[in-house]
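Position in the sequence shown (first residue = 1) + 515 = the numbering used here. Even for Gly, the Cβ is constructed at its ideal location relative to N, Cα and C. Quick caveat: nothing in here was measured; it's all calculated off a predicted structure. One structure is given below, encoded as C-alpha cells.
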Amino acid sequence: MVKPTGLIIGRFQPFHNGHVKLIEYAAGESGKVIIGIGSSQESHSWENPFSASERREMIKKSLKVFDRYEIIEVPDINKDLVWVSHVKRIAPDFQVVYANTARERHLFSEAGFDVVPTPFFSRDLYSGTEIRRRIAMNEKWMWLVPQGTIDVIKKIDGVRRIKDLSLII
Ligand code: ATP
Ligand code: MG
516 MVKPTGLIIG RFQPFHNGHV KLIEYAAGES GKVIIGIGSS QESHSWENPF SASERREMIK
576 KSLKVFDRYE IIEVPDINKD LVWVSHVKRI APDFQVVYAN TARERHLFSE AGFDVVPTPF
636 FSRDLYSGTE IRRRIAMNEK WMWLVPQGTI DVIKKIDGVR RIKDLSLII
C-alpha cells in the first residue's frame with residue numbers, strides 16, 4: 516500500500532527539537548512529509564526574526580538523514596475560510612495533516628483531509644517563544660535546537676538580531 520503524504524505547517528522561529536520530533540513522528544507513517552514554512556513573508560520582527568530562506572536552511576541542515584520531505588513557503592492570508600485552499604494552491608498533493616491546534620484541525624478536517632493530532636514534546640522547553648526569550652536573556656538555548664539551526668543562527672548573527680529586536684517590542 517502506498518503511504519500517504521503528510522503536511523506540517525509551522526513558523527519555525529527557530530526550527531527546534533520539538534519540530535524535529537514532530538517531523539520524525541509524521542515521517543513514521545508517511546511516504547513523504549511536506550513542511551510548510553508559515554508566515555513566510557515575515558522576518559526581522561520579535562515573533563518572526565528569521566526569513567523564510569533562513570528557516571529553510573535551518574530545516575535542510577538539520578534533517579540530513581531524512582530526505583523524504585519537501586519544504587514549501589506559505590504566506591499568511593488571515594482568512595480562515597480560504598486558508599485550506601490557499602495551502603492547497605501552494606503545496607503538492609497531500610492526504611494527511613499533522614496538527615496540534617484545534618483551529619487547524621477543524622479547518623483541514625472540514626475540507627476532507629485526514630487530520631492526525633500530534634503530541635507536544637517537552638513543550639515548556641521546546642518552544643520558539645521560550646528559545647527566543649532565552650537568546651535575548653543570554654540564557655542557555657543551544658541544547659534545545661538541532662545543530663543545523665545553531666549553524667545558521669551563527670552564520671547570520673541571529674543572536675544579535677534577536678537581542679536587537681527584543682529592545683524594540
Ligand atoms: P512559537 O512559540 O514561536 O509559536 P512554536 O514552538 O509553537 O513557536 P511553531 O513554529 O509555532 O513553533 O509550530 C510549528 C508546529 O510545530 C506546530 O504544529 C506546533 O504545534 C508544533 N510544535 C511546536 N513545538 C512543539 C513541540 N515541543 N512538540 C511537538 N510539536 C511542536
Ligand atoms: Mg506556535
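Problem - Cα-Cα separation, residue 558 to residue 565 - result: One-based indexing of the sequence shown puts residue 558 at position 43. One-based indexing of the sequence shown puts residue 565 at position 50. Each residue's alpha carbon lies about 5 Å from the other.
Practice task
Mind checking who residue 585 pairs with in its DSSP beta bridge?
Solution key: Taking the sequence shown and counting its residues from 1, the one referred to as residue 585 is at position 70. Answer is 549, bridged to residue 585.
Problem - Residues that residue 613 bridges to, as DSSP identifies them - result: To locate residue 613, count along the sequence shown from 1; it is residue 98. 631, per the DSSP bridge assignment.
Handout entry: residue 671 in three-state terms, based on DSSP
Key = Here residue 671 corresponds to residue number 156 of the sequence shown, with the count starting at 1. In the three-state reduction of the DSSP assignment, residue 671 falls in the coil class.
Practice task
Return yes when at least one heavy atom of the ligand MG lies under 7 Å from the C-beta of residue 643, else no.
Solution key: Your numbering for residue 643 matches position 128 in the sequence shown. True, at least one ligand heavy atom lies under 7 Å from that Cβ.
Problem - Counted within 10 angstroms of its Cβ, other Cβ atoms place residue 457 as buried (16 or more) or exposed - result: The question about residue 457 has no answer, for the chain in this structure spans 516 to 684.
Problem - For residue 611 and residue 555, the rounded distance between their alpha carbons - result: The count along the sequence shown starts at 1 and reaches residue 555 at position 40. The count along the sequence shown starts at 1 and reaches residue 611 at position 96. A straight-line Cα-Cα distance of about 22 Å links residue 555 and residue 611.
Exercise for the section: Note down, in chain order, each residue of its chain lying with its Cβ closer than 7 Å to the Cβ of residue 563, except the 5 sequence neighbours on either side. Expected result: If you number the sequence shown from 1, residue 563 lands on position 48. 526, 528, 554 and 557.
Handout entry: Residue from 683, 657 and 643 whose Cα sits closest to the Cα of residue 534
Key = As a position in the sequence shown, residue 534 is number 19, starting the count at 1. Across the set 683, 657 and 643, the C-alpha of 643 shows the shortest separation from the C-alpha of residue 534.
Exercise for the section: Using alpha carbons as the reference points, say which of 616, 547, 617 and 666 lies closest to residue 569. Expected result: Sequence index remark: in the sequence shown, residue 569 carries index 54 (1-based). Comparing Cα-Cα distances from residue 569 to each of 616, 547, 617 and 666, the minimum goes to 666.
Practice task
Please determine, among 678, 582, 575 and 623, the residue with the shortest C-alpha to C-alpha distance to residue 543.
Solution key: The residue you call residue 543 lines up with position 28 of the sequence shown. Its Cα nearest to that of residue 543, the residue 582 stands out among 678, 582, 575 and 623.
Handout entry: C-alpha distance - residue 639 paired with residue 671, whole-angstrom precision
Key = Residue mapping note: residue 639 aligns to position 124 of the sequence shown, counting from 1. Residue mapping note: residue 671 aligns to position 156 of the sequence shown, counting from 1. Their backbone Cα atoms lie some 26 Å apart in a straight line.
Exercise for the section: Note down the Cα distance separating residue 592 from residue 655, rounded to an integer number of angstroms. Expected result: Numbered from its first residue, the sequence shown carries residue 592 at position 77. Numbered from its first residue, the sequence shown carries residue 655 at position 140. Rounded to the nearest angstrom, the gap between the Cα atoms of residue 592 and residue 655 is 35 Å.
Problem - Beta-carbon spacing of residue 577, residue 633 below 8 Å - result: As a working mapping, residue 577 is identified with position 62 in the sequence shown. As a working mapping, residue 633 is identified with position 118 in the sequence shown. Taking 8 Å as the Cβ cut-off, residue 577 and residue 633 do not qualify as a contacting pair.
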